[in-house]
Every structure is written in structure tokens, then in C-alpha cells.
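Data block below; observations after.
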Amino acid sequence: MSLARFRQFFWQLKLAWKFSLAFVLIVVVMLLGLYAGVASLISESIYSEYRDRGLAISQNLATNLIDPILLDSTPRIQLLLKNAGETTPEIAYSFLSGPNGRIVSHTFSGGFPTGLKIINQPGTTEAYRLQTIETERGRILDIAIPILQSDAWTIHVGFSGSAIEEKLARIRQTIFWISLLVALLAIGLGTWLSRLITRPLDALAAGAEKIRQGNLDYRVPSAGSDEVGAVTGAFNQMVATLQDDIARRTRVENALRTSEELYRSLVDNIEMGITLIDREFNVVMANATQGKLLEKAPELLVGKRCYQQFEKRENPCPHCPGIAAMQEGKTVEAVTSGIRADGSHLTVRIKAFPVVDEHQRITGFIELVEDITGRLQVEKDLANEKERLLVTLRSIGDGVITTDVAGNIQLVNQAAEQLTGWSQAEALGKPLPEVLRIVTAQTRLPCENPVKKVMDSRQIVGFDNQTLLISKSGREFYIDDSGAPIMDKEGQVIGVVLVFRDVTDQLRKEKELLKIAKLESVGVLAGGIAHDFNNILMAILGNLSLAQLDPTLKKSTHNHLEKAAKASVRAKGLTQQLLTFAKGGAPIKETTSLTEVVMDSANFVLSGHSVTCHFDIPEDLWMVEIDKGQISQVVQNLVLNASQAMPDGGVMEISCHNHAALPEESTHRIGRFVVLAIRDHGTGIPTQVADKIFDPFFTTKPGGSGLGLSITNSIIAKHGGKITFETTPGSGSVFSVYLPAAEIEPETETLVTKTAEPRPRAKTILVMDDEEMIREVAKAMLEHLGHEILLARDGEEALSLYREKMTAGLAPDLVIMDLTIPGAMGGQEAVGKLLRLNPGAKVVVASGYSNDPILAEYTKHGFIAAISKPFQLHELERIVSNLLA
Amino acid sequence: MLLLVFSCLALLAGCQRQQEKPVKIDLSAVEKPQSALPVPNQAELRIAISAVISPKETFVLYKDLLNHISEKLGMRIRLVQRETYAEVNNLVRDKQLDLAFVCSGAYIDGHDQFGMELLVAPVAYGQPLYHSYIIVPTTSPATKLEDLHGKRFAFTDPMSNTGKLAPTYMLAQLHETPESFFSNFIFTNSHDRSIEMVANNLVDGASVDSLIWEYLNGKNPALTSRTRIIKKSEPYGIPPVVVPKGLAPELKEKLRRVFLQLDQEETGRMILARLKIDRFVILEDSRYDSIRKMQRLVAGK
Numbered sequence: 005m006s007l008a009r010f011r012q013f014f015w016q017l018k019l020a021w022k023f024s025l026a027f028v029l030i031v032v033v034m035l036l037g038l039y040a041g042v043a044s045l046i047s048e049s050i051y052s053e054y055r056d057r058g059l060a061i062s063q064n065l066a067t068n069l070i071d072p073i074l075l076d077s078t079p080r081i082q083l084l085l086k087n088a089g090e091t092t093p094e095i096a097y098s099f100l101s102g103p104n105g106r107i108v109s110h111t112f113s114g115g116f117p118t119g120l121k122i123i124n125q126p127g128t129t130e131a132y133r134l135q136t137i138e139t140e141r142g143r144i145l146d147i148a149i150p151i152l153q154s155d156a157w158t159i160h161v162g163f164s165g166s167a168i169e170e171k172l173a174r175i176r177q178t179i180f181w182i183s184l185l186v187a188l189l190a191i192g193l194g195t196w197l198s199r200l201i202t203r204p205l206d207a208l209a210a211g212a213e214k215i216r217q218g219n220l221d222y223r224v225p226s227a228g229s230d231e232v233g234a235v236t237g238a239f240n241q242m243v244a245t246l247q248d249d250i251a252r253r254t255r256v257e258n259a260l261r262t263s264e265e266l267y268r269s270l271v272d273n274i275e276m277g278i279t280l281i282d283r284e285f286n287v288v289m290a291n292a293t294q295g296k297l298l299e300k301a302p303e304l305l306v307g308k309r310c311y312q313q314f315e316k317r318e319n320p321c322p323h324c325p326g327i328a329a330m331q332e333g334k335t336v337e338a339v340t341s342g343i344r345a346d347g348s349h350l351t352v353r354i355k356a357f358p359v360v361d362e363h364q365r366i367t368g369f370i371e372l373v374e375d376i377t378g379r380l381q382v383e384k385d386l387a388n389e390k391e392r393l394l395v396t397l398r399s400i401g402d403g404v405i406t407t408d409v410a411g412n413i414q415l416v417n418q419a420a421e422q423l424t425g426w427s428q429a430e431a432l433g434k435p436l437p438e439v440l441r442i443v444t445a446q447t448r449l450p451c452e453n454p455v456k457k458v459m460d461s462r463q464i465v466g467f468d469n470q471t472l473l474i475s476k477s478g479r480e481f482y483i484d485d486s487g488a489p490i491m492d493k494e495g496q497v498i499g500v501v502l503v504f505r506d507v508t509d510q511l512r513k514e515k516e517l518l519k520i521a522k523l524e525s526v527g528v529l530a531g532g533i534a535h536d537f538n539n540i541l542m543a544i545l546g547n548l549s550l551a552q553l554d555p556t557l558k559k560s561t562h563n564h565l566e567k568a569a570k571a572s573v574r575a576k577g578l579t580q581q582l583l584t585f586a587k588g589g590a591p592i593k594e595t596t597s598l599t600e601v602v603m604d605s606a607n608f609v610l611s612g613h614s615v616t617c618h619f620d621i622p623e624d625l626w627m628v629e630i631d632k633g634q635i636s637q638v639v640q641n642l643v644l645n646a647s648q649a650m651p652d653g654g655v656m657e658i659s660c661h662n663h664a665a666l667p668e669e670s671t672h673r674i675g676r677f678v679v680l681a682i683r684d685h686g687t688g689i690p691t692q693v694a695d696k697i698f699d700p701f702f703t704t705k706p707g708g709s710g711l712g713l714s715i716t717n718s719i720i721a722k723h724g725g726k727i728t729f730e731t732t733p734g735s736g737s738v739f740s741v742y743l744p745a746a747e748i749e750p751e752t753e754t755l756v757t758k759t760a761e762p763r764p765r766a767k768t769i770l771v772m773d774d775e776e777m778i779r780e781v782a783k784a785m786l787e788h789l790g791h792e793i794l795l796a797r798d799g800e801e802a803l804s805l806y807r808e809k810m811t812a813g814l815a816p817d818l819v820i821m822d823l824t825i826p827g828a829m830g831g832q833e834a835v836g837k838l839l840r841l842n843p844g845a846k847v848v849v850a851s852g853y854s855n856d857p858i859l860a861e862y863t864k865h866g867f868i869a870a871i872s873k874p875f876q877l878h879e880l881e882r883i884v885s886n887l888l889a
Numbered sequence: 688m689l690l691l692v693f694s695c696l697a698l699l700a701g702c703q704r705q706q707e708k709p710v711k712i713d714l715s716a717v718e719k720p721q722s723a724l725p726v727p728n729q730a731e732l733r734i735a736i737s738a739v740i741s742p743k744e745t746f747v748l749y750k751d752l753l754n755h756i757s758e759k760l761g762m763r764i765r766l767v768q769r770e771t772y773a774e775v776n777n778l779v780r781d782k783q784l785d786l787a788f789v790c791s792g793a794y795i796d797g798h799d800q801f802g803m804e805l806l807v808a809p810v811a812y813g814q815p816l817y818h819s820y821i822i823v824p825t826t827s828p829a830t831k832l833e834d835l836h837g838k839r840f841a842f843t844d845p846m847s848n849t850g851k852l853a854p855t856y857m858l859a860q861l862h863e864t865p866e867s868f869f870s871n872f873i874f875t876n877s878h879d880r881s882i883e884m885v886a887n888n889l890v891d892g893a894s895v896d897s898l899i900w901e902y903l904n905g906k907n908p909a910l911t912s913r914t915r916i917i918k919k920s921e922p923y924g925i926p927p928v929v930v931p932k933g934l935a936p937e938l939k940e941k942l943r944r945v946f947l948q949l950d951q952e953e954t955g956r957m958i959l960a961r962l963k964i965d966r967f968v969i970l971e972d973s974r975y976d977s978i979r980k981m982q983r984l985v986a987g988k
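Encoded structure:
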């Protein structure tokens, strides 16, 4: 183990171990040193003693030998050597060498060892000489002493070391065991002592650890009154102080944390970018909003130049309010705009204020960046909205005047300006009654001030619509008005708003509606009359057509009958018009050509008139699907208007042509139209009334009903068509009627009289009508056509008869039912029951109410055909033959 | 750190034994047994010095003189010492020696018994004479020989003049014998040893050679100061240097010349000074007659 590693190992040990280890090391080193020293000293001492003893014995022997030597007494010498060996056990041998190295005497029993002869020869000046020799008898110290200070005689004494070696070994062993014992005792003692010393330190360390873990209430147990005790006491005192300090600091920290959290919460949640920037324009702190504004993580901004990050510039922004704030030492604002990463525009208001350190030096600045893009937009929107509301208010059709609680005018809108004759500028601040002069229509007495009324009641107040407003110029309007309190958020009345409307027209229209209601009553009356009229006409026309068939009639009689029939047909047209006028009604469409309807209707209107008509109708004109009666009415109305526009007479042009699509509406399902154009050369229509000509009850003609063009428009619309007009004041107008062309080619209408079609074979036809004359004429006509006729007065009878015939296997082939039977089952009800009897039954509906919707949609009700009364023989024949073919 | 500790320990352990490397010797490899006795060398000059003082002191004292003689004669010298005067006398008698320093008493015996010849004699303190000192320990109350009655006493050699004959003669004059007078007596075989025993209170008194006492008094006063002389004998002929009867006259003459010329040479003078000898002189045998007289008296008794 290197010294460095040992040192590292040593410093990692616990203090007790350090003490123990150091103590053990010291003790071991000391003991080893002591052992070595003591052993050495003892060794030296013993060796010295041993040597001295040997030397003393040898010298004594040498002294004793002098006399025997000088006296040449060999036996005495021998005796001395022997005695010395016996009295001193350490003497391994002794011998005396004489002149010339002769061995005079020795103690070796087996002869003198040759090896000894040459060793350890002392010099002439030496008192003695020592030589250790290694022999088979062990280590021996050979002590050579010259006798009589001459080299002639030398006594050698071999002093054995084995005894001394044994003694030394014993001593060393004893020292070793004592050292070991002492070392163990010392180690034990050292460990105990170190524990004794370090236990309070350990307690102190454990206490410190507990305190470190937060147990500040812990106190280290007192460890006596020594230095460690003093340290423990001081430590406990320090902990107490620390505890107080920490408690105080904790309170401060909590306060600080709360403040910090508040600050952080404020900074992070405020909808305003906050950036702290130093003098070198490095971002020190940026909040989340700032990051959001720049679409970067705020921490990525820190430490970077603000102008690089904010505006991608290489130098500080020229408009930087921060520079100004630092220079001027006060808050500086700037508004700047930029473009976001997504390309949208951004406007920000930057408020910069300098940051000052404790030495009042400006160290940087804080920028508060507010994205005012939205606010600007909102402000703009609000201004727009306000403007719009103002404009709306100003433009609103109703007059609006607001006043304060005192009744002084604050706002007058355009409608109110027009009605009162006061402009807003004139009216502002004036008392309301001065501007809004209202009187009761009947009494012409001034009305109560509406502001006062509202203020008194504090709720919405309505006014009698018989209120008359007298404008500044003296014009009078009937107004319908109301007043309401204007309340603020707290419900306090801060003013009054008055809304009023010119109801003069409305009142007039109400009068008109009253008129219409009267007309409707007339219409119902007319409808009833028309129905009866139709029945009568049915009988007349039927009988006339039957009478005309009489071959025996005279030519003149036939002509009369012919004229009577024509007159009856015209009467039928009149009733039709009467019905249409009375009730409108869905058109009963049939595919036909416009030509006849147009020419007949125009001629009918213009007969006996100063205006003549020029027709331009091509032969290949597409067929149309129309209700002839209604379209005839349309033509009559338009021709009548045209003729009235030319009071001085003249020629009007009526033309028809095929048209691929409506001028503006090319999306029509068919896309093909037949256009009827009626052009007059009259006064034209004034521009200001042009928009109103199709309105009901709008008329420019004295005594006009205002219904003509209204009905016309209604009829055309019901046919899926459209009416337009062009007018040139002073030179005339042209009305164009677009009617959808038929999808199929029209059936070739052939008159019975003109085409000799083979009659169908005789069939049984049940005719149901409450009018006997209808039944009779129908019977006559059908019998004329060769059919067998069954008659019934109402639904019950018809069903009973049908059932009876059906049971007999003679179910009628065709049933013609009147739609309306007063007081009994009509056609609509009967057809359902009949079809239940026989689902294959063929039922035709006939009605004098040609405008009844059932006639228009007969198939929905179970009928297979419809015929409007009065009908002529050829009409009946065509339907019957078609159905029975 | 650990490395440091262990290196320190290694160093300490290393300090434990700092000794020269041992030499390996095989004790079982032995040589053939041979005589422990020295083989006589004819080329040598054999000189014996009687144990006036201890053999070692003698050796030390006479070493330079012997070397000088060896140098002068061109012969190797072999010093022979014996514990007793009698042994030396025997060697002289048996012509085992060429020269001997003997005690005055021994000379008389040798001369009278087998013709030991007197070569030269030293002059000390101006005279070729010496005394016997009766000494007691300094602490002893004895002031005269009689005070030592019943005490322990040390003689030197039975053949010694000053160490045995003279005190025995003094006791004889008191009609006492050593056996009757002393409670106990021993022979120390040398004068210096007797002085040591008195100085150490091992004996209550001793009789020693005045020359030796004076020599030691000069050399080791600490020793002699612990002794007190209570009696000084009459002067006796000084212990001489002798040769055996029949020694080659040339050698005898050479030897005599060496001794007599010692005081005439620087080296010789230094040797003499150490030996506390003024010079060597030729002395008449008659100079030892006083001793012969004491011998006769003691023996006649």
C-alpha cells in the first residue's frame, strides 16, 4: 500500500478507528523499537558481561599460569587448565601455546584440533584478542591472552556462547510476550480511550446528522465538562440559535416564497410579456407570455441579445424604448408592429422602465410588452359596431328619439328627422315636446309628454295609434309610438327612448283590407252565383248543343242557336273570371296552344274599343300547360291595362315566341318557355311607382281596385312562370309573360263535328248531380253519344245504384260525379267509397266551382279526370271517348 | 510510513549484534599427541633466578638484563624459575643451568655441598649487603619480635636467609623456635608475597629481604606503607650470581665481564637502575660467613 493510498484510507476511517489505529501503530512501533532496543541492549550487555566474564576468567587463568610457566611446571599448567574447565562450565576448551607456537597444554581429550592452532593470534601490543568461532559444539568465543607480554606464550580460552544464546533467546521470548501483552493491553486501552474520546464526538456527529435531517429540536446529550463537553454545549447552543434563525428564516422564506409565487404567478399569467434586459441588451429573464409572443421557450431567450431575439436585428432597435428609458431614467412607451411566425400581423405596446440597483445605478430595463393586436381589433370593431349601430339607428325605418331624464333630446335618427322635420343638430338639447309635436287625432289636443309618462311609470309605455304627429313643416302623420326607459347597469333610468312609426300608410292599407274583406264577401257571393250560373249555363249550352244537332232545323234557326251558344260560352267566361276574381285558385292545367287563348281574350277586351291589336304569333309556337281561364284573365288584364295606357287609341302589339330560358333564371327545370309580350305605346309607368305596380291595391287609376296586376302576377307565378316589364315614360311599356313550355306535344284537339272519329261502343255511364237539369242534359248528351245512362242525385244514391249494378254484374263503365252536393254526400266522399267497392272504377269529377283545388289535383282524390261545368257536348265527348277507349 | 517503521526496526535489529564474523573451526580435526615438555636446546644459555620475589615479578624485573646478556653473548637465553631455592640449587648441581641468581643461603649450601661458584654479586645502596626486616601490618600493635608471640607468621623459603634463617636465628636468640613462638607459620616462597600477606593482614608478621622491601617500597609504596618494620637484622652478604662448578672458563669469564661492565654502559645502567643495583662486583666467599655462622648456630641448637 502506497503512502498516498494509506493516507486516503486513513482519512476515510472513523475518528475512533483513526485514534485506535494511530494508537496501535504508535504502540506497536514503540514496542517494536523498545523490543529491538531492549533486546539489543540486553544482548549487548549480556554479551559484554559474557565477554568480560570470559576475559576475566581467562585473565585470571593467564595470571595463574605465569608462575607455572616461568617455573616450567607443566603439570601445574595442566592442572590449572583442567580446574578452570571444571569450575567454569562455559569454558569449552583452553590451551596454552608456547614459544614457536608449540601447544604446551590443552584440554582436548581426543587431541588438539589443528584448526585452532592458527587462529586468533594476538599482536605483541594487544592485551588480549577475541575471535568468535563456529564449531560443531556451537558458537564459541576464543579469548587469546599473551602471557608475560611476549608472543612466546598465549593462553586460549574457548568460552561457549550456547548458554548465553539460550539465555538471550529466553530473554527475547520473555520480552516478546511482555511486548505482545503490553501491545494488546495498549490496543485495548487505546480502543477504549478512543471510544471514550470519540463517543461524545460520535454523539455530536449523530446529533449533527439528526439536525441535518431536520430534527432541530434534538439536543446532543451533555458529555461532561471537558473540551468535548464544551463543544457539545456550544453545539447545542448553536443549534438553538440556528433553530431560531431557521424558524425566522423559514418565516421569511415562506413570505418570500409566497411573494415569489405571487410574483411568478403574476409574471407568468399576466397577459403581458415581461422581459428583464441588462445594459448590454442581454435578456436576463423573460416570462411565459413573452415566450408565447415570440413563439419561443422563454428560457431560450435568456442570455441572448434582445434585439436578435425580438426583431432579428444585429443592432439595438432604433425605436427601442429601453434605451430611452435608461437614458431618461423614466418609463417610456412605444407601439410597434411586426409579423408573427405564421405571417399574421402583430401590434404591441412596449412599456420600458429602467432598473436601478442599490447604488442608484441603472443596470438595465424591464420591458412590458402588451399584444394590442386584438384590442386594437376590438376597438376597431367596437368603433365599427358603434358606427354601424349609429348608422343602423340612424337608418332605421322607425323614428327614434332619445332624451335624458329631463326630457332634453340627445339623439334624433334619420326617420325621426324626416317625420319631425327637425335635423338632429337642430333638435339636440331641446325639450321633446318642442320637436315631437303630437296631438290626438280626433280631438287635436296635445298628447301627454311621453318622457314624463315613461319616467312616471319607469316601464315601456305604448301610445294610442290615433296619435297625430305634426312636423315642423306642418305635415301630419299618424304615428304608432312607444317609449321606454333607458337603464344603466345598475337599473337606474338615465334617459328615455321614443320609437315611433309613420302608420299613415298602414292605416290606409287597413282601410283597403277592409275593402278587400268586403270584396271577398262579394267574391263568395259571386262564387255562389257563378256556380249556379254555371249550372244554368250548363243546361243552356247542353241543350243548345243538342238542339243544334237537330238536322231538321232551318238554317236561320241554326244560326240563332249558334249565336246563343256563343253568348253562353262568353257567359261561361264571365263566370269563370268572376270565380277567379273571387277566389284565385289553383290552375286546372291542360296542354294547349297560347294562340287561341291570347287572340280570344284580347279581342274580347278590345271589342268596341278605340285601340286595335296587332298579333305576331308564329305557327311553331310551343305548347303550354295552362289553365286557359286564368291565362285568359291574365291576357285580359294586361290588354285592358295597355288599352287604358293609350287613352287616345292606337295599335298595341301582341307577340308570342319560343324562349330557351328565362333571362335571369336559367335554372328552371325545363328551361323552355313561351313568351307572350304585350306592348303599348302609351304614357309609360312613372319610375317612382314602377316597383309597386304588382303590389295589391296599388293603383294609379281613379276608382281602380289595385288587384289587376296583383292577380296577374299571382296566376303567372302559379303556372311556374314570370312576368317582367320594361317601360319608357312617354313612349310606352311592354309586359312579357314567361310560361313554361309543355313537356309533351299537345293532344290534337279535334271537334266532333269536324272529325269523324268512330264512336266507341255503348257503355254504361252513371251521372251523379243534384241539379235535375244537369242530370237531364248530361243524360241527353251521353245518350246522344250512344251510351246507357244511370242517374243519381247524390253520393248515397250513386253508390247504392253502383252496388246494385255491380252485384248484377253490370257495373257502370264510367261515373261522372258532381263535386259539391248541398246537404248530401258529394263527389269527394263518394269516390272513396266507390273505389272501395270497385277499385277499378273510373270516376270523373265535375264541378261548377272551376277554381276548386280538387279539380286541379283530381288524381290525388281518386278521380281519373276532371271537367268543369258548364261543359259542351264536344268536351264531354272527348273526355268520355278518351276514358272509355 | 509503514516502510519507515519497518526500516527503523530493521536498523534496530541490526544494532543488536555488531561482532566480527565467526571463524568456522572443526574441533574434531586433531593433530597427533606430542610431548608437552620442552626439548632442551643446547644453543641456549640457561639462567635461573631464585624466587626472591614471585616468578612473574622476577621475569619482569630481569627481562631486560637477560636480553642484555643474550645480546652481549650472542646466545639465546632461557629463563628458568623454580619455586624453591633447593630446586635451583639442584639444577646448578646437575649442571642444568649455566647461570643462576640465588639467595645467599642457597649459595652457602650450594657452594659448600657441590662447589657452586660465585661469579659476581650486586652492590645495592652502596654495599654488597642486605638485611632481614621483620614486618607487621601498620595496624598491628607489635613493636618488637617478641610482640609476635603466639601470632601467625610468614616465612619465605626454607632455604632463604632473610626469609627463614635470620628470623629463626632471632628466635633462637630468644630461645624460641618458630614452632614454639608462633601460633602458626607458613612459607610463601617469595618475599613480595610475604609483604602482600602482611599488608593484607593475612598474617601478623613476616620476615622479608630488605632489598625486596625497599624495591617494592620504591615501586609500590601503597603496599609497603601498610607494613611496618619492627626489626632490622645485621647485614648479610648479598645474594650472588653463581655458575655451576666446571662451567667453561671462557663462558664464565664472558659472563662475569658482561655483569661487571653493566654500570659502564648506558643500557647497563638503565637495567641496573631498574633492578635498584648500583653495579656488579666480584665478591669473596668469606663475605657470607656470617650466614654460615647463623646456620651453624641454628643447626647446632
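Those protein sequence lines, which keep their order, are chains A and B. Residue numbers for the first sequence follow the numbering used here, beginning at 5 and rising by one. Residue numbers for the second sequence follow the numbering used here, beginning at 688 and rising by one. We put the CB at the ideal spot given by N, CA and C, even for glycine.
Counterpart residues of residue i in DSSP-defined beta bridges
i: A787(B); result: A735(B) and V929(B)
i: D822(A); result: A850(A)
i: G466(A); result: S486(A)
i: D620(A); result: S659(A)
i: L415(A); result: T406(A)
Proximity test, residue i beta-carbon vs the ligand ATP heavy atom, cut-off 6 Å
i: V710(B); result: The ligand ATP is not part of the structure shown, which contains no ligands of any sort.
Residue burial classification, residue i (beta-carbon count within 10 angstroms, cutoff 16)
i: M656(A); result: buried
i: A716(B); result: exposed
i: F180(A); result: exposed
i: T825(B); result: exposed
Cut-off 8 Å between Cβ atoms - residues of its own chain near residue i, not counting five sequence neighbours on either side
i: D624(A); result: N662
Between the CA atoms of residue j and residue i - distance to the nearest angstrom
i: V738(A); j: Y853(A); result: 33 Å
i: N777(B); j: I978(B); result: 20 Å
i: G499(A); j: R317(A); result: 56 Å
i: A43(A); j: Y54(A); result: 15 Å
i: H909(B); j: L903(B); result: For the sequence presented, residue 909(B) should be read as Ala rather than His. Their Cα atoms are separated by approximately 9 Å.
i: R574(A); j: S605(A); result: 11 Å
Cut-off 6 Å between Cβ atoms - residues of its own chain near residue i, not counting five sequence neighbours on either side
i: V288(A); result: L280 and D282
- Task: Evaluate contact between the stretch 856 to 868 of chain A and the stretch 789 to 803 of chain A, counting only Cβ atoms and requiring at least three cross-stretch pairs below 8 Å.
- Result: no
- Query: How do the stretch 245 to 265 of chain A and the stretch 217 to 234 of chain A stand: do at least 3 beta-carbon pairs fall below 8 Å, yes or no?
  - Reply: yes
- Item | Cβ contact check for the stretch 788 to 802 of chain B and the stretch 878 to 893 of chain B: 3 or more pairs under 8 Å | no
- Message: Pairs of beta-carbons, one from the stretch 405 to 420 of chain A and one from the stretch 464 to 483 of chain A, closer than 8 Å: are there three or more?
- Response: no
- Message: Tell me whether the stretch 766 to 780 of chain B and the stretch 830 to 848 of chain B touch, counting them as touching only if at least three CB pairs, one residue from each stretch, are closer than 8 Å.
- Response: yes
- Query: So does the stretch 820 to 827 of chain A actually touch the stretch 843 to 852 of chain A, counting three or more Cβ pairs closer than 8 Å?
  - Reply: yes
- Task: Determine, using beta-carbon pairs with one atom in the stretch 869 to 876 of chain B and one in the stretch 813 to 824 of chain B, whether at least three such pairs fall under 8 Å.
- Result: no
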